[in-house]
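Enquirer: Below is one structure. I have some questions about it.
Number of protein chains: 2
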Amino acid sequence: MSFIATPQSMQFDAPLPLQSGASIRGYTLAYETYGSLNAAKSNAVLVCHALNASHHVAGVYEGKDHSEGWWDNMIGPGKPLDTDRFFVIGVNNLGSCFGSTGPMHINPDTGAVYGADFPVVTVEDWVDAQARLLDALGIDTLAAVMGGSLGGMQAISWTLRYPSRVKHCVAVATAPNLTAENIAFNEVARRAIATDPDFHGGNFYQHGVIPKRGLRIARMVGHITYLSDDVMNEKFGRQLKNGIDLRYSTQEVEFQIESYLRYQGDKFAEYFDANTYLLITRALDYFDPAKAFGGDLSQALARATAKFLLVSFSTDWRFSPARSREVVKALLDNKHTVSYAEIDAPHGHDAFLLDDARYMNVVRTYFANVDREIAA
Amino acid sequence: MSFIATPQSMQFDAPLPLQSGASIRGYTLAYETYGSLNAAKSNAVLVCHALNASHHVAGVYEGKDHSEGWWDNMIGPGKPLDTDRFFVIGVNNLGSCFGSTGPMHINPDTGAVYGADFPVVTVEDWVDAQARLLDALGIDTLAAVMGGSLGGMQAISWTLRYPSRVKHCVAVATAPNLTAENIAFNEVARRAIATDPDFHGGNFYQHGVIPKRGLRIARMVGHITYLSDDVMNEKFGRQLKNGIDLRYSTQEVEFQIESYLRYQGDKFAEYFDANTYLLITRALDYFDPAKAFGGDLSQALARATAKFLLVSFSTDWRFSPARSREVVKALLDNKHTVSYAEIDAPHGHDAFLLDDARYMNVVRTYFANVDREIAA
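Chains as they are written, first to last, in my numbering: chain A, 1 to 376; chain B, 377 to 752.
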């Protein structure tokens, strides 16, 4: 049984300037905190979320079964990121659909639902919004910023936008930018959503419909890229849904893997917002700190002053170990302090959310050292 | 300039029993032949096609620009499969949309367009239909059967269903069955098509519409799996469509890779039949000669008497070299004669259709030996 978590929210009236040149005002950020901020305010850890997660990082909601936070195995009392030692903050990003202001909310400038007009937000914009939340919470410096996948990109971005405010960066299963193949998968998902007749150019809220067909396809594509070929073969292989006899049908479910993917797609389409999916995949596409330096990642990471832990997983083909090694190399080029663990795990990209003793121990040991640094 | 090819077709009145238990009668097969059958009828080579190809394997159509057959670099006078030496036959498979009977044609039993009622066909059914065509052409024994990808599966199936009728099997970039991940990608494509409101349960012909949205998504997903990550990065990388400035849009094209995929999807939706796509991906899913032998591929391949050449490509992640090696091992377990070439090529699965000197030379040398065998 985990501890009880309580969602909170904070309203921001001042406009936040965005990378696109637009700005957003009168927005809300949903967040949660676990543990206690120490008197020196030196034990805060910000945890950034990936594509379909939220500010509900750890703990459970009172009276709600199956409400564990998405990184509850990692964060809590006595866990690798120990909330008995650290004050942990989870924030839902702008444009998301779990409490912070997003496309389904009212644009204060027009009085109408944002819909397709919600401004395109970037990893850098999220980091800026998170920094304002920390300001409001009275936290100047983070003991660490941590995230996996897209969350790892935010963690890296923190060390570049606010170098003096971050002591440590823990970036798991992430990459310094997307490959063409990564962008390609995102684009398939976006096209599936945007060409669903129920999408209505992003203004489906007014039509009382949801582009579920597109969301299902988007989730199915995504899910394939989260798992390794090995784990899919082990879990599903060529198992048929109905014993050993083929049904000879192109539209009915025949193989277990089809059943699994359809289930994941159906579930996702029930709770995820279509515009949010477009926004978040675009933020992934855009992230590329080296771009301003002619593609030179070493130059891009020069301004970081944090110490780094990077973790990757051997079978992750979405953000392969080679991508983490690029970051490690660029940090070493700058003589920055970096630890790197490449975990031999079968689960593909999803491994960053799963229990693996070696992975958990690496993170536990790293934060124990951060804790000692704070005490020193 | 290639030679002139002339499409032909043959009508079959007798019902063809199918693996599903159904049968199909009064069907047509479109085919082409190149070169001359020798007096002993011992120099025939059947070439089987993959997902979106046809009987138009080589040559060009008279007066038609850009009408080269899909394997024109491989097959023709003086080419690796030399039509000055061999009589080459290309057949369009049942259920396809390029001339053989398919879902868009009239079911003689009902007088109505087949649509969703077109029977589910398997690799084995295609091989049986091809055997009947050879019967009609007066060809008892094939010097070789050859194919890439799904075509390679048909080539392998030939050696098991008609062992005495095949001397050589050339199977390129293929696999003894699909992995869970392969099936998963097929299922995403099928769901995109089948959930397109214009699909009408497969009976869209009567509605005068085409499920183009679904076909586009299906093709985009497929294309990603045909290319290697490396070649995608080399060809497109993170290049923007409009110079260096971001447009900050989730629906407009931003990256070159998006533009390429959309173009491929649009083109495909103009010419490919949606029901055919479902049928052909299902045939891929079902192919599994080891299934009847409790998954033991060595037992399954025991009955083959042909000699084999297998070719795989290092960066093919759709049908990886490991899958070809499974076939090679199972053949060796049976002390069958097998040659195997693993070509270090950057192009992914698509490599089997592209020019690569080492690949072309392997096939050229193999067929030169087959030719010597025939002459001996």
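C-beta atoms are modelled at their ideal positions from N, C-alpha and C, and glycine is treated no differently.
Taking only beta carbons into account, state which residues of the stretch 686 to 718 of chain B come closer than 9 Å to chain A, listed in chain order.
Expert: For the stretch 686 to 718 of chain B, which is checked against every Cβ of chain A, the residues closer than 9 Å are 693 and 696.
Enquirer: Return yes when the Cβ of residue 528 of chain B is within less than 7 Å of the Cβ of residue 550 of chain B, no when it is not.
Expert: Counting from one through the second sequence, the residue named residue 550 of chain B turns up at place 174. Counting from one through the second sequence, the residue named residue 528 of chain B turns up at place 152. Yes, these two residues count as a Cβ contact at 7 Å.
Enquirer: Give me the Cα-Cα distance between residue 473 of chain B and residue 652 of chain B, rounded to the nearest whole angstrom.
Expert: Here residue 473 of chain B is taken as the residue at index 97 of the second sequence, counted from 1. Here residue 652 of chain B is taken as the residue at index 276 of the second sequence, counted from 1. Spanning the two alpha carbons is a distance of roughly 6 Å.
Enquirer: Distance cutoff 7 Å, beta carbons only. Does residue 195 of chain A sit that close to anything in chain B?
Expert: Counted from its first residue, the first sequence places residue 195 of chain A at position 195. Output row for residue 195 of chain A: interface = yes.
Enquirer: So residue 611 of chain B is in the beta strand (DSSP E); what residue range does that whole segment cover?
Expert: Indexing the second sequence from 1 puts residue 611 of chain B at position 235. Where residue 611 of chain B is concerned, there is no enclosing beta strand (DSSP E), although the alpha helix (DSSP H) it sits in stretches over 605 to 611.
Enquirer: Are the CB atoms of residue 214 of chain A and residue 192 of chain A within a distance shorter than 7 Å?
Expert: Here residue 192 of chain A refers to the residue found at position 192 of the first sequence. Here residue 214 of chain A refers to the residue found at position 214 of the first sequence. A contact, by the Cβ cut-off of 7 Å.
Enquirer: Thinking C-beta only, is residue 34 of chain A closer than 7 Å to residue 58 of chain A?
Expert: On the first sequence, residue 58 of chain A is found 58 positions in, with the first residue counted as 1. On the first sequence, residue 34 of chain A is found 34 positions in, with the first residue counted as 1. Yes, they are a contact pair.
Enquirer: Can you grab the Cα-Cα spacing for the pair residue 211 of chain A / residue 626 of chain B, in whole Å?
Expert: As a working mapping, residue 211 of chain A is identified with position 211 in the first sequence. As a working mapping, residue 626 of chain B is identified with position 250 in the second sequence. Straight-line Cα distance between these residues: approximately 16 Å.
Enquirer: Quick one: is residue 585 of chain B near chain A, going by C-beta distance under 7 Å?
Expert: Position 209 of the second sequence, counting from 1, holds the residue named residue 585 of chain B. Closer than 7 Å: no.
Enquirer: Can you tell me where the beta strand (DSSP E) with residue 686 of chain B in it begins and where it stops?
Expert: Translated into positions along the second sequence, residue 686 of chain B becomes position 310. Residues 683 to 689.
Enquirer: Taking residue 640 of chain B as the query, report the chain A residues whose CB atoms sit under 7 Å from its CB, ordered along the chain.
Expert: Taking the second sequence and counting its residues from 1, one reaches residue 640 of chain B at position 264. Those within 7 Å of residue 640 of chain B in chain A number zero; the least Cβ separation is about 11 Å.
Enquirer: Assess, as a yes-or-no matter, whether the stretch 396 to 413 of chain B is touched by the stretch 465 to 485 of chain B under the definition of 3 or more beta carbon pairs within less than 8 Å.
Expert: Counting Cβ pairs under 8 Å, three or more are found: they touch.
Enquirer: For the stretch 603 to 614 of chain B, which residues have a beta carbon sitting closer than 7 Å to at least one beta carbon of chain A?
Expert: Within the stretch 603 to 614 of chain B, the qualifying residues are 605, 608, 609, 612, 613 and 614.
Enquirer: Residues of chain A with CB closer than 7 Å to the CB of residue 662 of chain B, please, in chain order.
Expert: Walking along the second sequence from the start, residue 662 of chain B turns up at place 286. Going along chain A in sequence order, the residues near residue 662 of chain B (Cβ under 7 Å) are 246.
Enquirer: CB-CB under 7 Å to residue 355 of chain A, same chain, minus the five flanking residues each way: which ones, in chain order?
Expert: Counted from its first residue, the first sequence places residue 355 of chain A at position 355. Excluding sequence neighbours, residue 355 of chain A sits near 73.
Enquirer: Below 7 Å CB to CB, which residues in the same chain sit around residue 738 of chain B once its five sequence neighbours on both sides are set aside?
Expert: In the second sequence, counting from the first residue as 1, residue 738 of chain B sits at position 362. So the list reads 687 and 717, once near-sequence residues are dropped.
Enquirer: With DSSP run on the structure shown, which of helix, strand or coil describes residue 289 of chain A?
Expert: The count along the first sequence starts at 1 and reaches residue 289 of chain A at position 289. It is coil, neither helix nor strand.
Enquirer: Find the residues of chain B that neighbour residue 149 of chain A, judging by a C-beta separation of less than 7 Å, and give them in chain order.
Expert: Within the first sequence, numbered from 1, the residue matching residue 149 of chain A stands at position 149. In chain order: nothing, as chain B lies at least about 17 Å away.
Enquirer: Would you kindly work out how many angstroms separate the C-alpha atoms of residue 724 of chain B and residue 56 of chain A, rounded to a whole number?
Expert: As a position in the second sequence, residue 724 of chain B is number 348, starting the count at 1. As a position in the first sequence, residue 56 of chain A is number 56, starting the count at 1. So the alpha carbons of these two residues sit roughly 40 Å apart.
Enquirer: From residue 508 of chain B to residue 181 of chain A, what distance separates their C-alpha atoms?
Expert: Counting from one through the second sequence, the residue named residue 508 of chain B turns up at place 132. Counting from one through the first sequence, the residue named residue 181 of chain A turns up at place 181. For residue 508 of chain B and residue 181 of chain A, the distance between alpha carbons rounds to 43 Å.
Enquirer: Starting from residue 553 of chain B, find everything on chain A with Cβ-Cβ shorter than 7 Å and list it in chain order.
Expert: The residue given as residue 553 of chain B occupies position 177 in the second sequence. By Cβ distance, chain A contributes 238.
Enquirer: Taking the alpha helix (DSSP H) that residue 181 of chain A falls in, what are its first and last residues?
Expert: Reading the first sequence from its first residue, position 181 is the one you call residue 181 of chain A. Taken as a continuous stretch (DSSP letters only), the alpha helix (DSSP H) holding residue 181 of chain A covers 180 to 194.
Enquirer: Considering residue 326 of chain A, what are the terminal residues of the alpha helix (DSSP H) in which it resides?
Expert: One-based indexing of the first sequence puts residue 326 of chain A at position 326. Run containing residue 326 of chain A: 321 to 333, per the alpha helix (DSSP H) assignment.
Enquirer: Could you check which residue in B/476, B/485 and B/488 has the C-alpha nearest to that of residue 506 of chain B?
Expert: Looking up residue 506 of chain B in the second sequence gives position 130. Nearest C-alpha to residue 506 of chain B: B/476.
Enquirer: Are residue 552 of chain B and residue 681 of chain B closer than 7 Å when you measure CB to CB?
Expert: In the second sequence, the residue the question calls residue 552 of chain B occupies position 176. In the second sequence, the residue the question calls residue 681 of chain B occupies position 305. The answer is no: Cβ separation not under 7 Å.
Enquirer: Given a cut-off of 7 Å on the beta-carbon distance, is the pair residue 417 of chain B and residue 482 of chain B in contact?
Expert: For the purposes of this step, residue 417 of chain B is taken as residue 41 along the second sequence, with counting starting at 1. For the purposes of this step, residue 482 of chain B is taken as residue 106 along the second sequence, with counting starting at 1. No, the Cβ-Cβ distance between residue 417 of chain B and residue 482 of chain B is not below 7 Å.
Enquirer: Taking C-beta pairs closer than 7 Å, name the residues in chain B that residue 185 of chain A reaches, listed in chain order.
Expert: Position 185 of the first sequence, counting from 1, holds the residue named residue 185 of chain A. Within chain B, the residues near residue 185 of chain A are 600.
Enquirer: Give me the Cβ distance between residue 203 of chain A and residue 78 of chain A, rounded to the nearest whole Å; I'm assuming they're in contact under 8 Å.
Expert: Working through the first sequence from its first residue, we reach residue 203 of chain A at position 203. Working through the first sequence from its first residue, we reach residue 78 of chain A at position 78. Contact doesn't hold; Cβ gap of about 48 Å is too wide.
Enquirer: First and last residue of the beta strand (DSSP E) that includes residue 544 of chain B?
Expert: Taking the first residue of the second sequence as 1, we reach residue 544 of chain B at position 168. Run containing residue 544 of chain B: 544 to 548, per the beta strand (DSSP E) assignment.
Enquirer: Give me the Cα-Cα distance between residue 649 of chain B and residue 574 of chain B, rounded to the nearest whole angstrom.
Expert: Within the second sequence, the letter at position 273 stands for residue 649 of chain B. Within the second sequence, the letter at position 198 stands for residue 574 of chain B. Answer to the nearest angstrom: the Cα atoms are 13 Å apart.
Enquirer: Tell me the start and end of each unbroken alpha helix (DSSP H) in the stretch 471 to 529 of chain B that is at least 4 residues and wholly inside, in chain order.
Expert: Segments of the alpha helix (DSSP H) lying fully in the stretch 471 to 529 of chain B: 499 to 512.
Enquirer: For residue 559 of chain B, does the count of other Cβ atoms within 10 angstroms reach 16, so buried, or fall short, so exposed?
Expert: Here residue 559 of chain B refers to the residue found at position 183 of the second sequence. So residue 559 of chain B counts as buried.
Enquirer: Alpha carbon to alpha carbon, how far is residue 384 of chain B from residue 565 of chain B?
Expert: Taking the second sequence and counting its residues from 1, the one referred to as residue 384 of chain B is at position 8. Taking the second sequence and counting its residues from 1, the one referred to as residue 565 of chain B is at position 189. Distance between the alpha carbons of residue 384 of chain B and residue 565 of chain B: 31 Å.
Enquirer: Determine whether the beta carbon atoms of residue 663 of chain B and residue 601 of chain B lie at a separation below 7 Å.
Expert: Position 287 of the second sequence, counted from the first residue, corresponds to residue 663 of chain B. Position 225 of the second sequence, counted from the first residue, corresponds to residue 601 of chain B. No, these two residues do not count as a Cβ contact at 7 Å.
Enquirer: What is the residue span of the beta strand (DSSP E) that residue 89 of chain A lies within?
Expert: The residue given as residue 89 of chain A occupies position 89 in the first sequence. That run of the beta strand (DSSP E) goes 87 to 91.
Enquirer: Cα-Cα, which of A/169, A/217 and A/68 is closest to residue 331 of chain A?
Expert: Along the first sequence, read from residue 1 onward, the residue named residue 331 of chain A stands at position 331. When each option's Cα is compared against that of residue 331 of chain A, the closest is A/169.
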